[in-house]
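Visitor: Residue numbers (my numbering): 63 to 128.
(1) How big is the Cα-Cα spacing for residue 101 and residue 108?
(2) Thinking C-alpha only, which one of 70, 93 and 65 is nearest residue 110?
(3) Can you tell me whether residue 98 is helix, strand or coil according to DSSP?
(4) Pull up the distance between the alpha-carbon of residue 84 and that of residue 71, whole angstroms please.
(5) Out of curiosity, what's the CA-to-CA distance linking residue 76 and residue 82?
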């Protein structure tokens, strides 16, 4: 029974990590293509927005599972 619960928990964590990974990848593509919120000509503004966006995505990673 314990092994089944452990397997289910591992699957949950994998799904959360994949979701986070895909969100980060999408954000990076938007950054490189200057689309969406990164449509600014100022590099400092774009870089700051990228960092803030990355940090907001990382909030959703379960603590203690890394």
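Beta carbons are placed, not taken as given, at the ideal position from N, Cα and C, and that holds for glycine.
Guide: In this structure, then:
(1) Residue 101 and residue 108 have their alpha carbons spaced roughly 8 Å apart.
(2) If you compare the alpha carbons of 70, 93 and 65 with that of residue 110, the shortest gap goes to 93.
(3) DSSP places residue 98 in helix when its eight states are reduced to three.
(4) Approximately 20 Å, taken between the alpha carbons.
(5) When the Cα atoms are used, residue 76 and residue 82 turn out to be separated by approximately 10 Å.
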